Ligand SMILES: [Zn+2]
């Protein structure tokens, strides 16, 4: 028999802060219950070690609704053929071991019969994730083991299908996996790592590669981002020690506590991947913008260059500017979580990591720029996707220029001008012989050259494009891209076509200066 009782949230502290209302400041420790709604405790809990994925609910789309604001829930109807993941995993933050079982439902939308599926095992890469491992123990289809092969330094798993998948046909695979999260950041950025403070889990489960005229499995570059996936729906149950806060993609809809363990049930809504961070030391602050709960998770610091309240205020102001300039954010929640990230920050669906030291040691302006950049990736990367390895400029230049747009929108014209001028001074305008803005990340071996070309020359191009189009048409272009490519992939060709259409003339001369 299932017995449930409801725990009330701790009392909420209501504080006015420069036009922003903090709806909750909750220090999270063993006693805190930070879920958005009532927390249910059941007595018939799953076992600590997952042995089978949770059975797909009768109507998975209905459960996904919790991740979206009511006015956007109908968008799920357009995602009926999106990949669906049902993952159950236990995470031991002490040893860094993750044991998981997942079921993935994949509907094939290609033309020729499909004989294999490809997954990315990103933690096996030397770069970006580096230092840990992700191992698939078996793959089954209807209870039958399937043949698998590893490629590209164990970062690609190919699964042979006994019966080719026909266009429009769906298959469900069950996959048992284990991940080992390294202590420290190893050779990577720190996005798959653990410390005494927290655990960062990106790319921690087998991720379906993108299918686009064949499986797209580019090598993991030395710089930039390797996450390239189509919009999917995740239903995840995580078993973690009690007292740990789980911050993730999507929205937690239930938490069950028993015998020193908590099982978090989280749905993602439309998401390109599912990332999370865990700590028993996070402090949470929350505010709302345009119906979205913005949550900031910081780690304790005696003194910080930027106080958490200031960081939350900045986060809300950036979010507000992006909703106005790019379009609405359809989800119920967005999280900015502090972690140890060597490169400063990293974007995921529904959440971003920002390096602890950047806030605590400062100074404020680079921290503000970094956070604003990462937040903008919710529009450019998560909502509108692009080839992260082949055409990284699309999301990186837009996220870099977004910081300028946010400062201008917030009335800080001087700050915006200073940011643009510093990019020109530090990185210069593009010169003959420089790589074109739309270069692949694989062409670069260091961050200085990569940032100059992809982030800053890309952002300076966008600024020139804005001067050419005028503000009204430039902002209309950004809104149009968000409308037309939402939950899809945008290419450089798409961008150019839409820009020229809105301009009403070709922009060949401008284009040539940055892209040839
Ligand atoms: Zn970025």
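Numbering (the working numbering), first residue to last: 3 to 518. Idealized CB from N, CA, C, for every residue including glycine. Note that the coordinates shown come from a computational prediction; the quantities given were computed from them, not determined experimentally.
Reference residue i; option with closest CA among the options
{"i": "residue 213", "options": "343, 226, 169", "result": "169"}
{"i": "residue 413", "options": "497, 316, 356", "result": "316"}
{"i": "residue 195", "options": "372, 278, 88, 322", "result": "278"}
{"i": "residue 400", "options": "419, 379, 299", "result": "379"}
{"i": "residue 334", "options": "201, 64, 69, 65", "result": "69"}
{"i": "residue 340", "options": "78, 265, 314, 396", "result": "314"}
{"i": "residue 186", "options": "453, 200, 180", "result": "200"}
{"i": "residue 381", "options": "450, 286, 95, 482", "result": "482"}
{"i": "residue 233", "options": "265, 453, 273", "result": "273"}
{"i": "residue 439", "options": "405, 218, 518", "result": "518"}
{"i": "residue 230", "options": "467, 72, 394, 156", "result": "394"}
{"i": "residue 108", "options": "416, 161, 64, 132", "result": "161"}
{"i": "residue 98", "options": "284, 133, 291", "result": "133"}
{"i": "residue 484", "options": "326, 451, 318, 260", "result": "326"}
{"i": "residue 515", "options": "480, 156, 467, 443", "result": "467"}
{"i": "residue 397", "options": "431, 457, 359, 357", "result": "457"}
{"i": "residue 295", "options": "301, 303, 286, 302", "result": "286"}
{"i": "residue 105", "options": "95, 86, 96", "result": "86"}
{"i": "residue 376", "options": "350, 367, 392", "result": "350"}
{"i": "residue 215", "options": "182, 235, 110, 246", "result": "110"}
{"i": "residue 346", "options": "459, 374, 383, 328", "result": "374"}
{"i": "residue 182", "options": "354, 235, 101, 145", "result": "101"}
{"i": "residue 353", "options": "96, 501, 252, 498", "result": "252"}
{"i": "residue 78", "options": "236, 425, 228, 164", "result": "236"}
{"i": "residue 164", "options": "145, 259, 179, 178", "result": "145"}
{"i": "residue 180", "options": "198, 103, 426, 197", "result": "103"}
{"i": "residue 281", "options": "72, 61, 301", "result": "301"}
{"i": "residue 425", "options": "415, 159, 454", "result": "454"}
{"i": "residue 428", "options": "441, 450, 410", "result": "450"}
{"i": "residue 309", "options": "358, 322, 499, 348", "result": "358"}
{"i": "residue 383", "options": "509, 367, 459, 227", "result": "227"}
{"i": "residue 368", "options": "422, 322, 321", "result": "422"}
Supposed close pair residue i, residue j - CB separation, criterion 8 Å
{"i": "residue 222", "j": "residue 127", "result": "4 Å"}
{"i": "residue 361", "j": "residue 307", "result": "7 Å"}
{"i": "residue 248", "j": "residue 337", "result": "Not a contact, Cβ separation roughly 10 Å."}
{"i": "residue 271", "j": "residue 66", "result": "6 Å"}
{"i": "residue 324", "j": "residue 408", "result": "7 Å"}
{"i": "residue 129", "j": "residue 171", "result": "Actually they are not in contact, since the Cβ atoms of residue 129 and residue 171 sit about 36 Å apart, beyond 8 Å."}
{"i": "residue 434", "j": "residue 445", "result": "Actually they are not in contact, since the Cβ atoms of residue 434 and residue 445 sit about 17 Å apart, beyond 8 Å."}
{"i": "residue 292", "j": "residue 332", "result": "Going by Cβ atoms, the distance from residue 292 to residue 332 rounds to 10 Å, so no, they are not a contact pair."}
{"i": "residue 572", "j": "residue 461", "result": "Given that the chain is displayed from residue 3 to residue 518, the structure contains no residue 572 and the question cannot be resolved."}
{"i": "residue 391", "j": "residue 372", "result": "At roughly 22 Å, the Cβ-Cβ gap does not stay under 8 Å, so residue 391 and residue 372 are not in contact."}
{"i": "residue 406", "j": "residue 415", "result": "Between residue 415 and residue 406 the Cβ distance is about 10 Å, and since that is not below 8 Å, they are no contact."}
{"i": "residue 342", "j": "residue 197", "result": "6 Å"}
{"i": "residue 420", "j": "residue 459", "result": "About 19 Å; that fails the 8 Å criterion."}
Sequence-distant residues of the same chain with beta carbon closer than 6 Å to residue i, five excluded per side
{"i": "residue 506", "result": "none"}
{"i": "residue 203", "result": "278"}
{"i": "residue 264", "result": "242, 244, 257"}
{"i": "residue 319", "result": "412"}
{"i": "residue 328", "result": "381, 480, 484"}
{"i": "residue 75", "result": "67"}
Contacts around residue i, its chain only, beta-carbon distance under 8 Å, and the 5 residues preceding and following it disregarded
{"i": "residue 166", "result": "115, 116, 117"}
{"i": "residue 365", "result": "307"}
{"i": "residue 218", "result": "211, 212, 230, 389"}
{"i": "residue 175", "result": "105, 106, 108, 119, 141, 142, 143, 148, 161"}
{"i": "residue 447", "result": "224, 225"}
{"i": "residue 509", "result": "467, 470, 498, 501, 502"}
Same chain, Cβ closer than 7 Å to residue i, neighbours up to 5 away in sequence not counted
{"i": "residue 112", "result": "169, 213"}
{"i": "residue 512", "result": "466, 467, 470"}
{"i": "residue 156", "result": "123, 126"}
{"i": "residue 303", "result": "362"}
{"i": "residue 410", "result": "418"}
{"i": "residue 154", "result": "219, 221"}
Chain D contact for residue i (CB, 9 Å cutoff)
{"i": "residue 138", "result": "Looking for chain D here will not work: only one protein chain is present."}
Would you check if there are 3 or more beta carbon pairs closer than 8 Å linking the segment 70 to 84 to the segment 136 to 150? no
Given 8 Å as the limit, is there contact between the segment 239 to 255 and the segment 223 to 231, that is, 3 or more CB pairs closer than that? no
Spell out a yes or no on whether the segment 200 to 212 and the segment 84 to 95 are touching, meaning 3 or more CB-CB pairs, one atom from each, closer than 8 Å. yes
Does the segment 384 to 393 come close enough to the segment 484 to 498 to have 3 or more Cβ pairs within less than 8 Å? yes
Counting Cβ pairs closer than 8 Å, one from the segment 494 to 505 and one from the segment 458 to 477, do we hit at least three? yes
Should the segment 112 to 128 be called in touch with the segment 147 to 157, which here means at least 3 C-beta pairs below 8 Å? yes
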